[in-house]
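For the record, in the sequence shown the residue sitting at position 80 is 84 according to the numbering used here, with numbers rising by one throughout.
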Amino acid sequence: MNIWCISKYASPAKYAKVPARLFYFCQEWQKLGHEVHLFTSDSNHLAQFPRSERTHHQENIEGVWVHWFKTKKYKTTASVARIVSWFDFERRLFGFKHRQLNPPDVVLVSSLSILSIVYGYYLKRKYGATLVFEIRDIWPLTMTEEGGFSKYHPLTLFIGAIEKFGYQVADLIVGTMPGLNKHVKNVIHKDFNFHCAPLGFHPDNYKAASLDNNAFVGRFPENKTIVGYAGSMGITNALEPFIEAIYDLQHDARFYFVLVGSGDLRAGFEERLKECTNVVFLPRIEQSQVKDLLAYCDVLYLSTNDSKVWEYGQSMNKVVEYMLAAKPIIASYTGYPSMINEAECGYFLTPQDGETPKEAIIRALSVIGSMSQAERQVMGERGKQWIYQHRSYSLLAQQYLAKIESISNG
Numbered sequence: 005m006n007i008w009c010i011s012k013y014a015s016p017a018k019y020a021k022v023p024a025r026l027f028y029f030c031q032e033w034q035k036l037g038h039e040v041h042l043f044t045s046d047s048n049h050l051a052q053f054p055r056s057e058r059t060h061h062q063e064n065i066e067g068v069w070v071h072w073f074k075t076k077k078y079k080t081t082a083s084v085a086r087i088v089s090w091f092d093f094e095r096r097l098f099g100f101k102h103r104q105l106n107p108p109d110v111v112l113v114s115s116l117s118i119l120s121i122v123y124g125y126y127l128k129r130k131y132g133a134t135l136v137f138e139i140r141d142i143w144p145l146t147m148t149e150e151g152g153f154s155k156y157h158p159l160t161l162f163i164g165a166i167e168k169f170g171y172q173v174a175d176l177i178v179g180t181m182p183g184l185n186k187h188v189k190n191v192i193h194k195d196f197n198f199h200c201a202p203l204g205f206h207p208d209n210y211k212a213a214s215l216d217n218n219a220f221v222g223r224f225p226e227n228k229t230i231v232g233y234a235g236s237m238g239i240t241n242a243l244e245p246f247i248e249a250i251y252d253l254q255h256d257a258r259f260y261f262v263l264v265g266s267g268d269l270r271a272g273f274e275e276r277l278k279e280c281t282n283v284v285f286l287p288r289i290e291q292s293q294v295k296d297l298l299a300y301c302d303v304l305y306l307s308t309n310d311s312k313v314w315e316y317g318q319s320m321n322k323v324v325e326y327m328l329a330a331k332p333i334i335a336s337y338t339g340y341p342s343m344i345n346e347a348e349c350g351y352f353l354t355p356q357d358g359e360t361p362k363e364a365i366i367r368a369l370s371v372i373g374s375m376s377q378a379e380r381q382v383m384g385e386r387g388k389q390w391i392y393q394h395r396s397y398s399l400l401a402q403q404y405l406a407k408i409e410s411i412s413n414g
């Protein structure tokens, strides 16, 4: 088949520190004998494209034909300029002369930008292609739940109309989260084809980290349980109970906490814990260093705000990275459970009667802290083995393609 994949933020290997999930799928489908074209934008905070005056570039990158368009840049993700950049990408797509390419059998549109489903539908009608609509973030639900937008805001209503249109015209709806089909059912109230294609990993990016060459060796106290957090420190990360737990445990000799990353709330957290000797804040590190940090920790922590978005499941790279580190995980997450519970490699915190989130964190830490090193290793290893068994991109790409083929042949 000839497969066209469209995503504004699909980072190809040549320009990204870590290639995007969609690029890995394109690679795997190309290896299986299909012709694959990826259409993306140079306005992408996860990749660094070269400066150019040309509006369109075509390159074969590791077997995948990549078409990247020069589009409007923006400095912050929560900005009008970012939305303008979306429209600029759509303008480039509709202006692209694709007559020199073999017509597509499959058109796959992956958010963000959700606006690209309009161009996908145009290609479906023009070429009779199978249209796949892939959702990685549920918009506009993320806008109202995480961004503070009113459900009656004009932009919310507009994005909602585009979302509903996409669900109605797609031949196959794909979600990175396992329960997206429940959300889609609430939006369009009719039967549809659905497939879950979750986040995965490429083995080349997760070769075993050696503690002998680990940059973090010697930076943390010995004979303590190192509790690590790597990621953003903003409103949506809901780290306040964790910070208060660290404060309450400042005189507990068992634990030492390492927080890595940046965000709007980091300065406030550092101020709260400035007198505590059981914690260190490190600056944001390169993606290639994350596995080294996680390898040096004994327990890993993650959290999210309570939100309707999580009712349909999570699709966080952090969960994959944590599980590959083979460490027990404590997750303050109240949404649709998956992965950690399936692998039995940690705990989704559920506060008991009368228990605060902070107290639930301290209780979970005490349980894991009382384990022997061997017991923690067994628990963490279950997560790593589960990921290797179920989440390699080669396996996910084969499952994804089989679903597309079943729809196309049907």
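Here a beta-carbon is modelled for each residue, glycine too, at the ideal position from N, C-alpha and C.
Helix, strand or coil, according to DSSP, for residue i in the structure here?
{"i": "residue 149", "result": "helix"}
{"i": "residue 283", "result": "strand"}
{"i": "residue 291", "result": "helix"}
{"i": "residue 160", "result": "helix"}
{"i": "residue 69", "result": "strand"}
{"i": "residue 118", "result": "coil"}
{"i": "residue 20", "result": "strand"}
{"i": "residue 205", "result": "strand"}
{"i": "residue 62", "result": "strand"}
{"i": "residue 263", "result": "strand"}
{"i": "residue 165", "result": "helix"}
{"i": "residue 51", "result": "strand"}
Could you check if residue i is buried or exposed, using at least 16 other CB atoms within 10 Å of its CB as the buried criterion?
{"i": "residue 296", "result": "buried"}
{"i": "residue 298", "result": "buried"}
{"i": "residue 302", "result": "buried"}
{"i": "residue 92", "result": "buried"}
{"i": "residue 347", "result": "buried"}
{"i": "residue 221", "result": "exposed"}
{"i": "residue 207", "result": "exposed"}
{"i": "residue 290", "result": "exposed"}
{"i": "residue 331", "result": "buried"}
{"i": "residue 28", "result": "buried"}
{"i": "residue 360", "result": "exposed"}
{"i": "residue 96", "result": "buried"}
Provide the residue span of the beta strand (DSSP E) that contains residue i, from first to last.
{"i": "residue 200", "result": "198-200"}
{"i": "residue 106", "result": "Residue 106 -> no beta strand (DSSP E), and no H or E assigned at all."}
{"i": "residue 6", "result": "6-10"}
{"i": "residue 39", "result": "39-45"}
{"i": "residue 316", "result": "Where residue 316 is concerned, there is no enclosing beta strand (DSSP E), given that its DSSP letter is neither H nor E."}
{"i": "residue 306", "result": "303-307"}
{"i": "residue 137", "result": "134-139"}
{"i": "residue 176", "result": "176-179"}
Pick from the options: whose alpha carbon is nearest that of residue i?
{"i": "residue 323", "options": "227, 243, 205, 267", "result": "205"}
{"i": "residue 368", "options": "357, 350, 358", "result": "350"}
{"i": "residue 112", "options": "155, 30, 287", "result": "30"}
{"i": "residue 340", "options": "315, 329, 334, 327", "result": "315"}
{"i": "residue 16", "options": "356, 333, 40, 70", "result": "70"}
{"i": "residue 371", "options": "239, 136, 155, 334", "result": "334"}
{"i": "residue 164", "options": "306, 146, 32", "result": "146"}
{"i": "residue 199", "options": "191, 176, 186", "result": "176"}
{"i": "residue 144", "options": "277, 155, 173", "result": "155"}
{"i": "residue 280", "options": "257, 337, 100", "result": "257"}
{"i": "residue 39", "options": "342, 45, 109, 13", "result": "109"}
{"i": "residue 139", "options": "161, 130, 114, 125", "result": "114"}
{"i": "residue 58", "options": "201, 21, 72", "result": "72"}
Which first and last residues belong to the alpha helix (DSSP H) in which residue i is found?
{"i": "residue 192", "result": "184-192"}
{"i": "residue 99", "result": "84-99"}
{"i": "residue 272", "result": "270-276"}
{"i": "residue 26", "result": "25-35"}
Closer than 7 Å to a non-hydrogen atom of the ligand SAH - does that hold for the CB of residue i?
{"i": "residue 231", "result": "Ligands are entirely absent from the displayed structure, and the ligand SAH is therefore not among its contents."}
With a floor of 3 residues, list each beta strand (DSSP E) that falls wholly inside the segment 209-260, ordered by position along the chain.
If we require 3 residues or more, the beta strand (DSSP E) runs fully inside the segment 209-260 come out as 229-234.
Length at least 3, wholly inside the segment 331-409: the beta strand (DSSP E) runs in chain order
As far as the segment 331-409 is concerned, its whole beta strand (DSSP E) runs of at least 3 residues are 333-336, 350-352.
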